[in-house]
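What follows is one structure encoded as structure tokens, with my remarks underneath.
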Amino acid sequence: MEGKLSPIFQLFDQQYEEAKALFFLLGKQFRGKKAIELENKLIFLEIYIDLISRIYFNEEKLKFELFGPLKKIFKGLKKVKHIKMVRSQVDFLQNKFGVAFESYGKELESEKNSIYASVFDMILSTPTQVWEKLYEEAHRYSKGLKPLMINTATTQIINDELVFFNTDHKTKLDSKALKDIYEGLRVITALENLRIKSGFNSIFVENVHDHMAVLQKSLLDWYENHLLMQHLTGYLTDKEKISKKYLDLLAHLQEQKKLHVERVKEQCKFLFEKILD
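First residue of the sequence shown: 34, per the working numbering; consecutive thereafter.
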């Protein structure tokens, strides 16, 4: 590619350098908190590559070729995040109710160690050339980008997310829908930041972004509860005898789920009326 390097590459460059540093740090000492930070960086890098591939639409395999080698690690990091969420919720509820879930805690610790070891091995076995190629190609495809290209591509992707909300999830808000909405809002927020970096106005006004942020927080609360309930149900399935404290915990999670879903539905309805109708 020829031409001047687009200003949006500065955002990629910053996130890339931070991601690469975290990757090599985790290759020396694996820590859950740093793994979650790396996952967040990879989310942005994937969105950026998706944007580039949308601009150069004839390069259909670009996203797969550049981000594909990191996809397995990305999935592993998500598992790290999930097990940390579950363990954090269990710790919180143990303190809240003054009840110890010893056997479940041991199961979670064992699962955590297994996930950490697996992702650590993935990191060690990933060649550094993967990172070098990602940077070189992102740099190359970020040259000669015209503002209109960025405006068109970001608008298209955001509109695709909105159409998805409208056609698939406007009335059917099941667990998959709520997860999709959370991830879709994350994409929209990242692309809005890219638009501002390119000198364009954001598509949505500040008030709408404020409502998006509130909804994302509510969706995160729902998701943490959902993960724990899902994991605990799986843990209890094979038990011949279940103690009352676990049945009480499951009942509490089910009640919380109802509250979270109702809150999210109200916020979705309010937001969708602003951005979809």
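Don't be surprised by glycine CBs; every beta carbon is placed ideally from N, CA and C. All of these numbers come straight from a predicted model, not from anything done at the bench.
Any C-beta of chain D under 7 Å from that of Y49: Among the chains in the structure shown there is no chain D, since it carries only a single protein chain.
Straight-line gap, K117 to L261 (C-alpha atoms, nearest Å): 10 Å
Sub-7 Å separation of I106 and M182 beta-carbons: no
Buried versus exposed, by CB contacts within 10 Å (16 or more), S147: exposed
Segment contact, 8 Å Cβ cut-off, at least three pairs: the region 78 to 98 with the region 57 to 69: no
Rounded C-alpha distance that separates V297 from L304: 10 Å
Collapsed DSSP secondary structure at L38 in the structure displayed: strand
Residue interval of the alpha helix (DSSP H) (run including I106): L95 to F130
Outcome for N120 when other beta-carbon atoms lying within 10 angstroms are tallied against a minimum of 16: Sequence check: residue 120 is Arg here, not Asn. Label assigned to R120: buried.
Beta-ladder partner(s) of K176, from DSSP: L38
Ordered list of alpha helix (DSSP H) runs contained in the region 185 to 273, each at least 4 residues: 208 to 230 and 239 to 270
Cα-Cα separation, R173 to S276: 60 Å
Residue span of the alpha helix (DSSP H) that contains N146, given as start and end: E135 to S158
Whole-number beta carbon distance between V241 and I308, since they are thought to touch under 8 Å: 6 Å
Pick from V220, Y279 and I85 that is closest to T266, judged by C-alpha positions: Y279
For G60, three-class secondary structure by DSSP: coil
Beta-carbon gap between Q23 and K74 smaller than 7 Å: The question about residue 23 has no answer, for the chain in this structure spans 34 to 310.
Stretch-stretch touch, CB-based, cutoff 8 Å, three pairs: the region 75 to 85 with the region 206 to 213: no
Reduced DSSP category for I275 - H, G, I as helix; E, B as strand; rest coil: coil
Cα-Cα separation, H244 to V123: 29 Å
Straight-line Cα distance separating Y256 from K212: 8 Å
N- and C-terminal bounds of the alpha helix (DSSP H) containing F77: G65 to I88
Exposure of Q289, with buried meaning 16 or more beta-carbon neighbours within 10 Å: buried
Beta-carbon contacts of T187 that lie in its chain and below 7 Å, excluding the five residues immediately before and after: L84, L224, L227 and R228
Distance between N234 and N192 (C-alpha atoms, nearest Å): 16 Å
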